[in-house]
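Using our numbering, the first residue of the sequence shown is number 1, and each one after it goes up by one. Cβ atoms here follow ideal geometry from the backbone N, Cα and C, with glycine treated the same way.
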Amino acid sequence: MDNLLISTSDALKFLSTNVVHPTYFPYLWAPTLHAARISLVYQTLARKAGLGTYSKFPWGPYIAGYLVSCWAGGIITNFLLGMPPPMAYSFQPYINYLAVHLGLTAFFSVFPFLLIPKIFDTLLFPMDALLRSLSVTGTLGLLDNPNVPPAFKAMNNPFGHILLGALASASGGISMSTFSLTLPSWQFSTPPILTAGLWSSADVWGGALAAVIFGAATQSPAFTIPSTNPAVLGPAYFPLNLVPQTILELLFRPSAVAAKGASQAHILALSPQVAPHVGKAMAAVALAVVFGSRALYTHWLSSPVAQKAPVTQGKKAGSKTIRSQ
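Right, dumping it as structure tokens:
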């Protein structure tokens, strides 16, 4: 397990610190691969509707729908934290994402037979997990940004972490299907997450799970309680103050706070506390298990008749699964 976490941590570091090419394409690997992954999903769903990019699908909605699918998660979570998203003050994200999308559009227009979602979903689920982990943990990292207005830091609690993790992970895919962004005429419909099954909603609960794992592993204050004694917690920690102490002691690990000389308890915490990069790796491994299981079930274990079109997501192609940030 240690070797797996080390390898995963190294991969996350590479994606978030190295550019594709310092001269010809000076953009980080993480957003570039994210742009490519969502382009595959977007083109797949557009083709399922019988639309050709150059004929029945006007360039305006084709480009705008793709960008919304890519950035919905980032825009929503940044606004929830009172921060402007990067695409609101820089041209660079537009260059990065559009260059990749247009390049892949041209490529699959020449070689359409290579756009096989079943294969992409199966082979690329580790990359999906890495990119989603960076999205979720990066969003949670904004809570420590000094530029976040104090009022918005109220989201630094368990519910806030879970909500931000789910939104960062799945907003793009939910937006894609709710507003029919892969069609020339956009229209509002019931958000598919409201009717999705277990695997169709994996991007939502998977993102929330990644947020909890990261927060617990790094002993985030959001997942900390002052004591495992329900009498000490009081109504401020409802409903934990109603849980028997023996149960709380199973879920929370006590630790000493050197600065205050007091004791605290961290949910499902590891001992000792892990570094943030290890916490990110743990979240990525958990997401890899989720996405790998979904690909296996959706494409290889389910009969074609039983495969109900899932929710679309900016990530996993093929089956309309909820994807992306």
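Bridge partner(s) assigned by DSSP for residue i
i	result
P239	Per DSSP, none; premise fails for P239.
P254	A265
Residue i - DSSP class collapsed to helix/strand/coil
i	result
A154	helix
Y42	helix
Y24	coil
Q328	Residue 328 lies beyond the range of the chain shown here (1 to 325); nothing can be said about it.
R57	Note that residue 57 is Phe in the sequence shown, not Arg. It is coil, neither helix nor strand.
V19	strand
T224	strand
P192	helix
Y97	helix
Q187	coil
S293	helix
G50	coil
Q245	helix
N147	coil
With 16 other Cβ atoms within 10 Å as the buried cut-off, status of residue i
i	result
Y94	exposed
Y24	exposed
D144	exposed
D2	exposed
V19	exposed
N96	buried
F252	buried
Y42	buried
W300	exposed
A284	buried
A275	exposed
D10	exposed
L250	exposed
Pair within 7 Å by beta-carbon distance, residue i and residue j
i	j	result
L181	G60	no
T298	W199	yes
A295	F125	yes
F214	T139	no
P117	T228	no
A222	P149	no
S175	D203	no
L5	V290	no
Best match in the options for proximity to residue i [C-alpha to C-alpha]
i	options	result
L183	T8, L251, I63	I63
F107	M176, L40, F252	L40
L115	A222, F238, T77, R47	R47
Y27	G172, L15, P84	L15
Q219	A265, P235, S133	A265
G207	I225, A288, M155	A288
P146	I162, T8, M83	M83
L33	G103, S302, A231	G103
T17	A35, G160, L134, S201	L134
T195	A210, T178, A211	T178
A129	A35, A88, A210, A36	A210
Residue-chain proximity (residue i, chain E), Cβ-Cβ < 7 Å
i	result
T17	Reference to chain E is not applicable here, since this structure consists of a single protein chain.
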